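In this note's numbering, the protein residues as written are 8 to 214. All C-beta atoms in this analysis are idealised placements derived from N, C-alpha and C, irrespective of residue type, glycine included. Small disclaimer: the values here were computed from a predicted structure and weren't measured. Comments concern the structure below.
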């Protein structure tokens, strides 16, 4: 089975990058609908009724068969956010699937661990560093770290670089990231016709 979800995203850089990542990781079993819902965040959707409002709107889209919330957690804990949101989504009794996939801090953690691949594909940025040591998922301001890894006169710009860099990811490296593993599980769930209507289905799996 293939799936066509409406994506709920944050910034304009995600508009092209997130659908491309979804397609690449799922081998096109999950092919996002055009015109994702933008300008959302964990703090916004934490507000009373806001998650229900945005998901309810997404569920009305005729060009899609599901919804995928794909956001940075920044200073929030993805486990706690999911534990809070799943009961709210279940209360909607959605006729279509609704999935939650959250990055521990920032989407750009994928780029930190893929820096060597990205630098090889985009040498014009005159990279001063092409390796990352440590827990990329724990980094707050991964965007700033990428700018420091670029040569003088260059800074990381999500609207310019995010979709470019998705095409250069080191798939062995990103596969070690826990949030990426959850992301892969979410995509497999979307493509499974018999799966539960809300992901994650079992909250104890998040611990």
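Give me the residue from the options with the minimum Cα distance to residue i.
{"i": "residue 116", "options": "107, 181, 87 and 41", "result": "181"}
{"i": "residue 64", "options": "44, 120 and 79", "result": "44"}
{"i": "residue 126", "options": "150, 172, 103 and 112", "result": "172"}
{"i": "residue 105", "options": "72, 179 and 148", "result": "72"}
{"i": "residue 113", "options": "81, 91, 86 and 140", "result": "81"}
{"i": "residue 69", "options": "185, 11, 79 and 175", "result": "11"}
Who pairs with residue i in a beta bridge, going by DSSP?
{"i": "residue 110", "result": "79"}
{"i": "residue 6", "result": "The structure shown does not extend to residue 6, since the chain is modelled only from 8 to 214, so the question has no answer here."}
{"i": "residue 29", "result": "For residue 29, which the question treats as bridged, DSSP gives no partner whatsoever."}
{"i": "residue 73", "result": "12 and 104"}
{"i": "residue 44", "result": "15"}
{"i": "residue 37", "result": "10"}
Quick check: what's the CA-CA separation for residue i versus residue j?
{"i": "residue 134", "j": "residue 157", "result": "4 Å"}
{"i": "residue 74", "j": "residue 15", "result": "8 Å"}
{"i": "residue 144", "j": "residue 58", "result": "25 Å"}
{"i": "residue 32", "j": "residue 56", "result": "32 Å"}
{"i": "residue 147", "j": "residue 119", "result": "12 Å"}
{"i": "residue 67", "j": "residue 140", "result": "44 Å"}
{"i": "residue 197", "j": "residue 9", "result": "8 Å"}
{"i": "residue 37", "j": "residue 93", "result": "21 Å"}
{"i": "residue 110", "j": "residue 85", "result": "7 Å"}
{"i": "residue 154", "j": "residue 138", "result": "13 Å"}
{"i": "residue 83", "j": "residue 176", "result": "25 Å"}
Applying the criterion that 16 or more other CB atoms from any shown protein chain within 10 Å of the CB defines a buried residue, is residue i buried or exposed?
{"i": "residue 128", "result": "exposed"}
{"i": "residue 200", "result": "exposed"}
{"i": "residue 42", "result": "exposed"}
{"i": "residue 20", "result": "buried"}
{"i": "residue 5", "result": "Shown here, the chain extends from 8 to 214; a query on residue 5 therefore has no answer."}
{"i": "residue 107", "result": "buried"}
{"i": "residue 17", "result": "buried"}
{"i": "residue 13", "result": "buried"}
{"i": "residue 51", "result": "exposed"}
{"i": "residue 77", "result": "buried"}
{"i": "residue 165", "result": "buried"}
Next on the checklist: Below 8 Å, how does it come out for the segment 24 to 32 and the segment 187 to 199: are there three or more Cβ pairs, yes or no?
Outcome noted: Yes, the segment 24 to 32 touches the segment 187 to 199.
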